[in-house]
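So the structure is just underneath, and the comments pick up after that.
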Amino acid sequence: MSNSLALVYQAVDHVNAQMPDAKIVKDPSTPLLDSEGGIDSLALVNLVVALEQAVYDETEKSITIADESIYSSPDSPFRTLGSLAQHLDKMLA
Amino acid sequence: MNILISGSSRGIGRYLAEHFASQGHAVFGCSRGSATWEHERYVHFSVDICDEGAVRAMLAAIRKRSGGLGALVNNAAVNPAIAPAMLTSLASVRATFETNVFATMLLSREAAKLMAPARFGRIVNMSSMAARHHVAGESSYTASKAAVEAFTRVFAKEVNAFGITVNAVAPSAVPTDLSRAIDPAALRDVLRRNAIPEPGSMEDVSNVVDWLLRAESSAVTGQVLYLGGV
């Protein structure tokens with residue numbers, strides 16, 4: 000498992016503990032966008048915030064997951080947990 | 000409550016920071032320079048709030064130190080160009096919007112991230128009676144405060160689900176370095192348009208901010224409160 004995916008799963012644990020109804024399954028194929036059977040927008044925002052904080056705690060790097068690159072990318076990084084981890088990989092590279 | 004106030008080294012920001020610290024809140028403040036005052040419950044950050052990385056680092060430090068944030072007061076503002084728009088440089092317009100609008104949006108975004116997990120937050124943006132009086136010679140400042148008011152209303156809708164309220168307070172002219180830069184005769188002219196034609200006070204501002212920060216004020220959001228009967 001990549002370090003980025005581990006950080007994503009750490010954020011998932013945080014959100015699941017905070018929002019028991021979210022029940023986000025830790026799998027790269029888990030959809031995130033509400034329109035594609037993913038999690039609701041509240042849980043998604045919490046996941047992104049938890050991920051940014053996990054990255055900071057781990058690396059001391061302060062990042063914004065929803066940076067400008069997501070608008071130029073043909074595929075949203077918020078499709079699945081796996082695509083989110085790939086996006087994070089690029090940000091931390 | 001943990002409260003962050005921008006522009007806390009002087010004027011209304013400093014008054015509010017001292018006010019909240021004396022009430023027992025944990026107060027974080029920031030300004031470009033170093034701290035101009037001290038209090039056991041006050042922590043100062045020397046930060047350029049137009050610098051995204053510096054703002055994120057400040058909020059990360061607040062999270063590490065206190066776990067979360069209850070309230071943000073976006074107070075820092077500049078008014079560098081009191082001049083007709085036809086004689087105002089674009090650099091000056093940009094500088095006004097950088098501090099008054101973009102920094103307000105940036106701080107609000109990052110603060111809301113700290114507030115969301117607790118399902119509670121209070122964001123208060125400082126506006127100005129200029130946004131309603133449309134005074135000649137204040138085009139940049141007035142436009143920036145109108146933008147702050149519009150942002151207030153939109154952001155209130157976006158973060159309501161997280162228990163965060165977003166409001167703006169537009170004081171009447173309160174004696175500060177910012178208002179002292181305005182021609183006194185012109186200021187008197189503008190004040191005459193208000194139901195209360197005299198300058199306001201710091202206490203007027205803290206009174207309404209106190210009220211907005213209360214847990215019981217959860218239904219008050221997306222509002223702009225003008226003081227002085229504007």
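Each protein sequence line maps, in turn, to chains A and B.
Under numbering that gives the first Met the number 0, the first residue of the first sequence is numbered 0, with each subsequent residue one higher.
Under numbering that gives the first Met the number 0, the first residue of the second sequence is numbered 0, with each subsequent residue one higher.
Where is the CB? At the ideal position from N, CA and C, for every residue including glycine.
These numbers come from a predicted model, not from an experiment.
Nearest CA to the CA of residue i: which residue from the options?
i                 : options                                       : result
Val-223 (chain B) : B:Met-0, B:Asp-47 and B:Val-153               : B:Val-153
Asn-1 (chain B)   : B:Ala-218, B:Ala-167 and B:Phe-19             : B:Phe-19
Thr-29 (chain A)  : A:Leu-4, A:Met-90 and A:Asp-66                : A:Leu-4
Val-14 (chain A)  : A:Met-0, A:Asp-33, A:Leu-50 and A:Ser-34      : A:Leu-50
Thr-164 (chain B) : B:Arg-179, B:Ala-115 and B:Gly-199            : B:Ala-115
Leu-105 (chain B) : B:Val-147, B:Pro-183 and B:Lys-156            : B:Val-147
Asn-166 (chain B) : B:Gly-136, B:Asn-124, B:Leu-186 and B:Glu-137 : B:Asn-124
Ala-10 (chain A)  : A:Leu-32, A:Tyr-55, A:Asp-33 and A:Glu-35     : A:Tyr-55
Ser-126 (chain B) : B:Arg-31, B:Gly-136, B:Ala-142 and B:Leu-113  : B:Ala-142
Thr-98 (chain B)  : B:Asp-182, B:Leu-186 and B:Glu-51             : B:Glu-51
Asn-193 (chain B) : B:Ala-94, B:Met-128 and B:Thr-220             : B:Met-128
Ala-169 (chain B) : B:Pro-79, B:Asn-73 and B:Val-92               : B:Asn-73
Leu-71 (chain B)  : B:Ala-111, B:His-133 and B:Phe-96             : B:Ala-111
Pro-79 (chain B)  : B:Val-46, B:Ser-91, B:Ser-65 and B:Ser-138    : B:Ser-91
Asn-206 (chain B) : B:Ser-139, B:Arg-191 and B:Leu-226            : B:Leu-226
Ala-16 (chain A)  : A:Leu-46, A:Ala-65 and A:Leu-31               : A:Leu-46
Ser-82 (chain A)  : A:Thr-58, A:Lys-25 and A:Ser-40               : A:Lys-25
Ala-231 (chain B) : A:Ile-62, A:Gln-52 and A:Thr-58               : Within the shown structure, residues of chain B are numbered from 0 to 229, placing residue 231 (chain B) beyond reach of any answer.
So with Cβ pairs under 8 Å, would you call residue i a contact of chain A?
i                 : result
Gly-52 (chain B)  : yes
Lys-112 (chain B) : yes
Arg-234 (chain B) : Since the first residue of chain B shown is 0 and the last is 229, residue 234 (chain B) is not available in this structure.
Ala-155 (chain B) : no
Ala-160 (chain B) : yes
Ala-102 (chain B) : no
Ala-115 (chain B) : yes
Note down the Cα distance separating residue i from residue j, rounded to an integer number of angstroms.
i                 : j                 : result
Arg-33 (chain B)  : Gly-10 (chain B)  : Going by the sequence as given, residue 33 (chain B) is Ser instead of Arg. Whole-angstrom Cα-Cα distance: 15 Å.
Phe-161 (chain B) : Arg-62 (chain B)  : 17 Å
Phe-150 (chain B) : Val-44 (chain A)  : 19 Å
Ala-130 (chain B) : Glu-37 (chain B)  : 33 Å
Ile-4 (chain B)   : Thr-175 (chain B) : 16 Å
Trp-210 (chain B) : Val-229 (chain B) : 19 Å
Val-204 (chain B) : Ser-178 (chain B) : 15 Å
His-43 (chain B)  : Ser-21 (chain B)  : 16 Å
His-133 (chain B) : Ala-76 (chain B)  : 17 Å
Val-7 (chain A)   : Ile-81 (chain B)  : 49 Å
Arg-187 (chain B) : Tyr-14 (chain B)  : 24 Å
Gly-37 (chain A)  : Pro-27 (chain A)  : 13 Å
Ala-21 (chain A)  : Phe-96 (chain B)  : 39 Å
Thr-87 (chain B)  : Ala-135 (chain B) : 12 Å
Arg-121 (chain B) : Lys-156 (chain B) : 13 Å
Pro-73 (chain A)  : Ala-16 (chain B)  : 46 Å
Ser-65 (chain B)  : Leu-58 (chain B)  : 10 Å
Val-100 (chain B) : Lys-144 (chain B) : 7 Å
Pro-83 (chain B)  : Ser-138 (chain B) : 7 Å
Ser-40 (chain A)  : Arg-78 (chain A)  : 13 Å
Give me the DSSP bridge partner(s) of residue i.
i                 : result
Ala-70 (chain B)  : B:Ile-2 and B:Arg-121
Cys-29 (chain B)  : B:Ser-5 and B:Phe-44
Pro-30 (chain A)  : A:Thr-79
Tyr-225 (chain B) : B:Ala-169
Answer yes or no: does any C-beta atom of chain B fall closer than 8 Å to that of residue i?
i                : result
Val-24 (chain A) : no
Leu-61 (chain A) : Sequence inspection shows Ser at residue 61 (chain A); the Leu mentioned does not correspond to that position. Output row for Ser-61 (chain A): interface = yes.
Tyr-55 (chain A) : yes
Leu-46 (chain A) : no
Leu-41 (chain A) : yes
Gln-85 (chain A) : no
Gln-9 (chain A)  : no
Heavy atom of the ligand HEM less than 7 Å from the Cβ of residue i, yes or no?
i                 : result
Ala-184 (chain B) : As for the ligand HEM, it is missing from this structure, which has no ligand bound.
- At 4 residues or longer, and completely inside the region 97–138 of chain B: list those alpha helix (DSSP H) runs for me, N to C. 102–114 and 129–132
- Query: Can you list, in chain order, the stretches of the alpha helix (DSSP H) that have 4 or more residues and sit fully within the region 43–87 of chain A?
  - Reply: 68–71
- Query: In chain order, what residues of the region 31–59 of chain B put their CB closer than 7 Å to some CB of chain C?
  - Reply: The displayed structure is made up of protein chains A and B, and chain C is not among them.
- Query: Can you give, in chain order, each stretch of the beta strand (DSSP E) that sits fully within the region 139–185 of chain B and has at least 3 residues?
  - Reply: 163–169
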